[in-house]
Amino acid sequence: MRKGLLIGIAGLVAGAVLLLGASAAFAAGPDGAAQPKAGLGLAGKVAIVRFVSKEIGIRPIRLIWEVRHGKSVSQVAQEHGIAPATISQDLLAKIKARLDKAVTNGRITQEQENQALAKAESRINEALNRTRPLNPQGAPKTAAAGGGSTSTTSA
19 MRKGLLIGIA GLVAGAVLLL GASAAFAAGP DGAAQPKAGL GLAGKVAIVR FVSKEIGIRP
79 IRLIWEVRHG KSVSQVAQEH GIAPATISQD LLAKIKARLD KAVTNGRITQ EQENQALAKA
139 ESRINEALNR TRPLNPQGAP KTAAAGGGST STTSA
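Using the working numbering, the letters of the sequence shown correspond one by one to residues 19 to 173.
Next up, the structure:
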């Protein structure tokens with residue numbers, strides 16, 4: 019039960035990072051044993067995008083478009099008058115509430131909660147400031163590599 023909860027918490031922490039396509043895992047459990055990677059899944063990614071876009075005050079599809087075209091989430095937030103620290107604090111508060119409940123229920127220790135919160139804070143801040151590289155035509159590299167670039171060229 020404890021291992022499943024830790025994987026679930028790792029997924030929640032990773033959700034903040036997954037906005038930009040990264041995955042996360044706990045490198046080691048409380049006993050030092052390696053833990054399997056905990057992917058967030060499509061539903062978790064959608065929930066994070068919805069949360070962040072609601073904080074910014076834009077539609078989720080707009081946030082995705084902006085990030086895929088070279089902006090960081092922080093840049094998008096600032097363009098809409100929202101301080102990136104506000105998003106980070108709100109997301110950390112949500113994570114802390116879940117961790118507090120797990121500590122209260124005896125599923126994790128206070129030390130594990132503190133470690134998870136420290137990791138979450140650094141990953142959230144990293145994710146908010148990360149940008150995707152663009153190819154010379156201005157489309158994300160992943161789209162150009164797959165032949166799905168929407169850029170046009172003149173003949």
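Beta carbons: idealized from backbone N, C-alpha and C, even for Gly.
All values derive from a computational prediction rather than experimental measurement.
Determine the contact status of residue i and residue j, defining contact as a CB-CB distance below 8 Å.
i    : j    : result
I74  : A95  : yes
I79  : L146 : no
G88  : R150 : yes
L226 : A136 : Limits of the chain in this structure are 19 at one end and 173 at the other, which puts residue 226 out of reach.
Is residue i close to the ligand MG? I mean its beta-carbon at under 7 Å from any heavy atom of the ligand.
i    : result
P102 : As far as ligands go, the structure on display features none, and thus does not contain the ligand MG.
Assuming residue i and residue j form a contact by the criterion Cβ under 8 Å, report the distance between their Cβ atoms to the nearest whole angstrom.
i    : j    : result
I142 : L109 : 6 Å
For the alpha helix (DSSP H) containing residue i, list its first residue and its last residue.
i    : result
I82  : P78 to R86
N123 : Counting along the chain, N123 falls outside any alpha helix (DSSP H), and DSSP gives it neither H nor E.
R148 : Run containing R148: none; DSSP gives neither H nor E here.
K63  : G59 to I74
Tell me the rounded alpha-carbon separation between residue i and residue j.
i    : j    : result
S140 : G59  : 21 Å
S71  : L81  : 6 Å
S90  : A103 : 14 Å
T127 : A115 : 14 Å
E97  : K112 : 24 Å
Q93  : R86  : 13 Å
K119 : E131 : 10 Å
G62  : A138 : 15 Å
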